[in-house]
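The structure under discussion appears below in the form of structure tokens.
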Amino acid sequence: MLKSINIFMKLYILLIIVLIFSAMIPRCFAGEKGQSMVHKLVINGVDRSYIVYKPAVANTEGLPLMVVLHGGLGNASHMEKRTGMNDIADSGRFIVAYPNGTGGRLPAMQDQRTWNAGSCCGRAMRQNIDDVLFIKRVIEDIHSRYAIDTSRVYVAGMSNGAM
């Protein structure tokens, strides 16, 4: 009886060790993660910002750029977390930019941002903010930092960011 308990305990411990190492395997083979950074620009006297995600590759020269625009009342940080685009960038080898639209006047609304889509939306439209110029400058700024392939710049957006 005692011998069968010892064998059971050894098998149980072996099973635990196998499970622990099994849980670690995906981390061992997962690619290295890149890095997100916030950059700031002044466009027509207005402070603007964007987040850029650089995948963990030795050389970013010649990589494509994906610009991802948040929806109305969203922001770059929210869009970065919500889309999962950084994980795709790591495997697909491209850089991602998440520009911030224009925030509300009240401090409580600064992270609720919109884009000027001509006939919509919020403060960006009312103040005739030149978001096209801003996106162009974001692309130029990223090109100066990472030497991206400017013939492979793509833009995606949701809601107000897709207008």
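Its first residue numbered -6, the sequence shown is counted upward by one per residue in this note's numbering.
Every residue, glycine too, gets a C-beta built ideally from N, C-alpha and C.
query	result
Report yes or no: do the stretch 58 to 68 and the stretch 87 to 100 share at least 3 C-beta pairs separated by less than 8 Å?	yes
Pick helix, strand or coil for residue 137, following the three-state DSSP scheme.	helix
What separation, rounded to the nearest whole angstrom, lies between the Cα atoms of residue 134 and residue 26?	22 Å
DSSP three-state label for residue 106, please.	strand
How close, in whole Å, do the beta carbons of residue 58 and residue 132 come, if the pair is a contact with beta carbons under 8 Å?	7 Å
Tell me whether residue 72 sits in a helix, a strand or coil according to DSSP, three-state version.	helix
Rounded to the nearest angstrom, how far is the Cβ of residue 110 from that of residue 102, given a contact under 8 Å?	In fact, because the Cβ distance is near 18 Å, the residues do not count as touching under 8 Å.
By the three-class DSSP mapping on this structure, what secondary structure does residue 49 have?	coil
Between the beta-carbon of residue 81 and the beta-carbon of residue 56, is there less than 8 Å?	no
State the start and end residues of the unbroken alpha helix (DSSP H) segment that holds residue 84.	78 to 85
Sorted by chain position, which residues of the same chain lie with C-beta nearer than 6 Å to residue 199's C-beta, five sequence neighbours on each side aside?	Because the chain spans -6 through 156 in this model, residue 199 falls outside it and cannot be assessed.
If you count every other CB in all the chains shown that lies within 10 Å of the CB of residue 67, and 16 or more means buried, which is it?	buried
What is the C-beta distance between residue 48 and residue 75, in whole angstroms, given that I count them as a contact (C-beta under 8 Å)?	That belief does not hold up - the Cβ atoms of residue 48 and residue 75 are roughly 19 Å apart, past 8 Å.
What number of angstroms, rounded off, separates the C-alpha of residue 137 from the C-alpha of residue 40?	19 Å
Run the CB neighbour count on residue 143, radius 10 Å, all protein chains shown included, and call it buried at 16 or more, exposed below.	exposed
How big is the Cα-Cα spacing for residue 84 and residue 52?	15 Å
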